[in-house]
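Protein chains in written order, with my numbering: chain A, 47 to 369; chain B, 47 to 369.
No residue lacks a Cβ here, since even glycine has one placed at the ideal position from N, Cα and C.
There are 2 protein chains.
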Amino acid sequence: MNKNYINENFNKNSLIRAYDQIKPYIHKTPVLTSGQLNRMAGTEVLFKCENFQKTGSFKIRGALNAVLNLPEEKKQKGVVTHSSGNFAQALSLAANYAGINSYIVMPENAPEVKKSAVKCYGGKIYGCIPTLSAREQTAERIRQETGAEFIHPYNDNNVICGQGTAAMELLKDQPELECIIAPVGGGGLISGTVLAAEYFSAGCEVFGGEPFEADDAHRSLEYGKIIRNKKADTVADGLRTNLGSRTFPVISEGVKNIIRVTENDIIETMKLIWERMKIVIEPSGAVAFAAVLKHGELFNGKKTGVIISGGNIDSAKLSSIFQ
Amino acid sequence: MNKNYINENFNKNSLIRAYDQIKPYIHKTPVLTSGQLNRMAGTEVLFKCENFQKTGSFKIRGALNAVLNLPEEKKQKGVVTHSSGNFAQALSLAANYAGINSYIVMPENAPEVKKSAVKCYGGKIYGCIPTLSAREQTAERIRQETGAEFIHPYNDNNVICGQGTAAMELLKDQPELECIIAPVGGGGLISGTVLAAEYFSAGCEVFGGEPFEADDAHRSLEYGKIIRNKKADTVADGLRTNLGSRTFPVISEGVKNIIRVTENDIIETMKLIWERMKIVIEPSGAVAFAAVLKHGELFNGKKTGVIISGGNIDSAKLSSIFQ
Chain A
47 MNKNYINENF NKNSLIRAYD QIKPYIHKTP VLTSGQLNRM AGTEVLFKCE NFQKTGSFKI
107 RGALNAVLNL PEEKKQKGVV THSSGNFAQA LSLAANYAGI NSYIVMPENA PEVKKSAVKC
167 YGGKIYGCIP TLSAREQTAE RIRQETGAEF IHPYNDNNVI CGQGTAAMEL LKDQPELECI
227 IAPVGGGGLI SGTVLAAEYF SAGCEVFGGE PFEADDAHRS LEYGKIIRNK KADTVADGLR
287 TNLGSRTFPV ISEGVKNIIR VTENDIIETM KLIWERMKIV IEPSGAVAFA AVLKHGELFN
347 GKKTGVIISG GNIDSAKLSS IFQ
Chain B
47 MNKNYINENF NKNSLIRAYD QIKPYIHKTP VLTSGQLNRM AGTEVLFKCE NFQKTGSFKI
107 RGALNAVLNL PEEKKQKGVV THSSGNFAQA LSLAANYAGI NSYIVMPENA PEVKKSAVKC
167 YGGKIYGCIP TLSAREQTAE RIRQETGAEF IHPYNDNNVI CGQGTAAMEL LKDQPELECI
227 IAPVGGGGLI SGTVLAAEYF SAGCEVFGGE PFEADDAHRS LEYGKIIRNK KADTVADGLR
287 TNLGSRTFPV ISEGVKNIIR VTENDIIETM KLIWERMKIV IEPSGAVAFA AVLKHGELFN
347 GKKTGVIISG GNIDSAKLSS IFQ
């Protein structure tokens, strides 16, 4: 079958080049297993632990690949983005590594701990009211004032290829994987995962996990075009965003199935992983395994890779989740 | 200096034999590092992560060594202990591996999750009222009724040698460690650590960490005899016990210093490790690193091993700790 998403931006070399460039700066994250969780899932599960990645999530991979691929004259003017979450930290650290400025637009209600992480990595924070249009306008104003390059958190070819290196590492370690599942927010991680499976596996199938409360990807695949979330009231705060024009085509051709899970599924799976594996993961990071547990029949007996996307969770939030 | 604790029970071979026996059943737990935590501690810190050990704590090491060293005729009658915590799970799993019965006396108010873990490992639970004398009497009654061997959670030579294999593994990986620090409850882990440092390092110093609220070890060293806790109202529930007749002599000769930490130190350090290292540890597991942070001057510039003793924490407790 001819795959339309295979083009000069998304070929095998795009991933190899991305990995070669970012490798000196990132952790090769561990792949963990648990006998108990295998039994619950009815299959052998390999967890790719991006919660142990620099900045606490996979996002540093894409941010770095975007920054390192800027032409020199653009680098000198820095980078700008808007994010309340993991991409804010990722882009500020990536810019720090590259020795350039980063301007991060964050809504005023973003948690202090995330703001201080961004500052600690050297990012310059610009506050705005917490609406998407205010974030976009503020970022655009800074772009015009500073000449900084806007880096989109997921709708960017270099970001997508960077995120794909997580699955690429996993597949190099575990070439016999039959399925791989990643959470779906804006689609950067899962698009990259599709590319990695395309080029570094022998037919490994790619699945997505998504909250019912923000199921734009499921509905977009159903309707054959991008359908935005009307609201996105999910505990999985990394997955509230909508698919983009660059991620949708890859996902719609390359993903076998988007499995939706409830808020309760997410929280119970997060607790399960904390209690059994003794690792800290954020709600978004639990969504892929929640999907495996929910639809075991799709994975039964198939060696399955599960991407744990991140581990950034506020202490304050914990008490409400675990009560 | 002649060390009185060196005898036929606690020689180099005791540890080597213990490790050879238990190795097939346990995890070789990872040693993790964190650049951020090194900077906070002012030295290079290597975390021996027994929170990833079978049953979620180091206790399985000692329990297994005790069970595997029983003579055949004793094995047939099973083992009995009383514990509300990690040793209950450890002994039931150890007995399970050895194919023998285990009888575990647990106070009625022990958390359901711990009871169900013990049942899951095949242990038979006997409830009692939550006092030490009721626990001891119930265990003694079962011992008489069944003929089972009583295994003490820490005041037992085989248990001590088994616990010592954690530091032994760490020192084999990191022979150039200059300090090693473990939490102190009944003293099984730290006594074993003293033995491991004696036989598998070139003069690595052993420190202990203890809550102010249960500082029997600190006071026992000060007075030169076992001084029991009057109360032990600490969040570090694994460290509420008192030193025993077999652990005190090893500790009093072999431990350089017992550092006491506050309840706030313990909780803040636990949060710090969760947030920075993305691993789940229990309060007792945070005490050793809390001590390093509190008395950095003792460790400054010295390569330091920190034993994270366990990762078993109830979801219910989390919400109160993290609020």
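- By a beta-carbon distance limit of 8 Å, residue 97 of chain B does not contact residue 100 of chain A. Their separation comes to about 22 Å.
- In this structure, residue 160 of chain A lies away from residue 193 of chain A, with their beta-carbon atoms at least 9 Å apart.
- Closer than 7 Å at the C-beta level to chain B, one finds these residues of the segment 87–101 of chain A: 97, 98.
- The beta carbon of residue 188 of chain B is closer than 8 Å to those of 126, 149, 151, 172, 194 in its chain, skipping five residues each way along the sequence.
- Taken in chain order, the complete beta strand (DSSP E) segments of 3 residues or longer contained in the segment 145–192 of chain B are 148–153, 170–174.
- Exclusion of the five residues before and after residue 293 of chain B leaves 200, 201, 206, 232, 233, 234, 236, 237 as the residues of its chain whose Cβ lies within less than 8 Å of its Cβ.
- Per DSSP, reduced to three states, the secondary structure at residue 197 of chain A is coil, with no helix or strand assignment.
- Of the candidates B:349, B:362, B:364, B:366, the residue whose Cα lies closest to the Cα of residue 79 of chain B is B:349.
- Residue 185 of chain B is positioned such that its CB atom lies closer than 9 Å to that of residue 196 of chain B.
- Put simply, the backbone Cα of residue 167 of chain A is about 37 Å away from that of residue 339 of chain A.
- Residue 226 of chain A is a Cβ neighbour of residue 253 of chain A, given a cutoff of 9 Å.
- At a cut-off of 9 Å between beta carbons, residue 76 of chain A contacts chain B.
- In terms of beta-carbon proximity, residue 104 of chain B stays away from the interface with chain A, with every pair separated by 9 Å or more.
- Rounded to whole angstroms, the gap between the alpha carbons of residue 162 of chain A and residue 246 of chain A is 38 Å.
- Residue contact check for residue 362 of chain B against chain A: a CB pair falls below 9 Å.
- Rounded to whole angstroms, the Cβ separation of residue 333 of chain A and residue 285 of chain A is 7 Å, and the two are in contact under 8 Å.
- Rounded to whole angstroms, residue 153 of chain A and residue 143 of chain A show a C-alpha spacing of 25 Å.
- Listed in chain order, the positions of the segment 323–334 of chain A with a beta carbon within less than 7 Å of a beta carbon of chain B are 324, 325, 326.
- The alpha carbon of residue 53 of chain A has as its nearest neighbour, out of A:335, A:314, A:295, A:345, the alpha carbon of A:295.
- For the segment 344–357 of chain B, the residues whose beta carbon sits under 7 Å from a beta carbon of chain A are, in order, 357.
- Boundaries for residue 248 of chain B: no alpha helix (DSSP H) harbours it, and the DSSP string shows neither H nor E there.
- DSSP places residue 337 of chain A in the uninterrupted alpha helix (DSSP H) bounded by 329–340.
- For residue 317 of chain A, the C-beta contacts it makes with chain B under 8 Å involve 361, in order along the chain.
- The beta carbons of residue 50 of chain B and residue 321 of chain B sit about 43 Å from each other, so the pair does not count as a contact at 8 Å.
- Interface criterion met: the Cβ of residue 321 of chain A is under 9 Å from a Cβ in chain B.
- Residue 127 of chain B is bridged by DSSP to B:150.
- Taking residue 115 of chain B as the centre and dropping the five residues before and after it, the same chain places the C-beta of 67, 204 closer than 8 Å to its C-beta, in chain order.
- In the DSSP assignment, the residues bridged to residue 305 of chain A are A:255.
- Against chain A, a Cβ distance below 8 Å from residue 162 of chain B picks out nothing, because the smallest value is about 12 Å.
- Within the segment 184–218 of chain B, no residue has a Cβ lying closer than 7 Å to any Cβ of chain A.
- Closer than 9 Å to the CB of residue 281 of chain B there is not a single CB belonging to chain A.
- Nearest Cα to residue 211 of chain B within the set B:111, B:312, B:313: B:111.
- The DSSP-derived three-state label of residue 294 of chain B is helix.
- Rounded to whole angstroms, the gap between the alpha carbons of residue 65 of chain B and residue 157 of chain A is 47 Å.
- Pairing residue 312 of chain B with residue 336 of chain B gives a Cβ-Cβ distance under 9 Å.
- Residue range 350–354 is occupied by the beta strand (DSSP E) that includes residue 351 of chain A.
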